[in-house]
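A.B. asks: Here the numbering used here is used: position 101 in the sequence shown is 1440, and no number is missing along the way. What follows is a structure written as structure tokens; I'll ask about it next.
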Amino acid sequence: MNDHLIQCPANNGYNTILEIGDKDMDLTGFGLLNLTADQTWETQTQNTEAVLVILGGKCEIQAGSQNLGQLGQREDVFSGKPYTVYLPPDCDCKITGVTDVEIAIALSPCDQAGKPAVVTPDQCKVMSLGTDNHLRDAVVMIGDDFPSRHFFVGEAWVPSGNWASYPPHRHDFDNPPDELNMQEIYFFRFNPQHGYGLQQVYTDDRSTDARYVVQNNDTVAIPEGYHPVVNAPGYTMYYLWVMTGDSRGFVRFLDPVHAGSVG
């Protein structure tokens, strides 16, 4: 898994970061869309469902025959909660920048009919996770109660020097209520932008044991394994997390070696 760190230049237009099937991620595709004001981008979801997270700026979105209107309110990912759009399979989509706008786009194979939907910032589920130096704030935009086939999507903000996904956890096996099998990606941003963090991805037998220096616009694909991450002092870390699975939920199995190390 040493090649599961993906760097993205964030150029104008659509930047493919992860194709469905790459990096052992059979349920997850991911990309970054950058538009200037009045610039338009069109796509068709075909046999996938899509989640669009507006990272910053404003845009107008037409989904099939439905005009979703002007969406977006935060300047960047450190300026509040997001607007999120869900698109079902076989949906035509047209996005026009009202201002410069940046949108993360996640894809997953889907044969389930659905309707376009908007999740507003006020509809996000707000959480505070951990304590002490593994405390972080998070929001869930697409939860297990949302009519998606595979997605469970949220954002997290990690203070200076703090850990996240700690104690280390995995979601590799369908063993409810203790664990669900879900792939995951982390997409990182830092404030200031030259910040960085460290992420480890490992399995119990250490057949996978990878360590990454993560920086602005980096994505880590996590098909399996525990995946703790730590933020360098002096910076705020943001990550968008996209989980996909046939079963969905905020259900994690803690590494028994470290589960009792913190409160």
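Glycine residues also receive a C-beta, built at the ideal position from the N, C-alpha and C atoms. Because the structure is a prediction, the values reported are computed rather than measured.
1. Identify, in the order they occur along the chain, each residue of the same chain with its Cβ nearer than 6 Å to the Cβ of Val1416, setting aside the five sequence neighbours on each side.
2. Let's see if you can read the secondary structure: which residues bound the beta strand (DSSP E) around Cys1432?
3. Applying the criterion that 16 or more other CB atoms from any shown protein chain within 10 Å of the CB defines a buried residue, is Asp1365 buried or exposed?
4. Which stretch, first to last residue, makes up the beta strand (DSSP E) that contains Ser1447?
5. Below 8 Å, can you find three or more Cβ-Cβ pairs linking the stretch 1442 to 1455 to the stretch 1384 to 1400?
6. Which class does Asp1548 belong to by DSSP, given the choice of helix, strand or coil?
7. Pick helix, strand or coil for Lys1464, following the three-state DSSP scheme.
8. Here's the rule I'm using: 16 or more other beta-carbon atoms within 10 Å means buried, otherwise exposed. How should Ser1504 be labelled?
9. In this structure, does DSSP put His1533 in helix, strand or coil?
10. Looking only at C-alpha atoms, which of Val1479, Pro1486 and Asp1471 sits nearest to Pro1498?
11. State the DSSP-derived secondary structure class of Asp1361, mapped to helix, strand or coil.
12. Based on the DSSP secondary-structure assignment, which residues constitute the bridge partners of Ala1503?
13. So, are the CB atoms of Asn1520 and His1510 less than 9 Å apart?
C.D. replies: Answer, in terms of the structure:
1. Leu1394, Arg1528 and Tyr1577
2. Asp1431 to Gly1436
3. exposed
4. Val1440 to Pro1448
5. yes
6. strand
7. strand
8. buried
9. coil
10. Asp1471
11. helix
12. Val1568
13. yes
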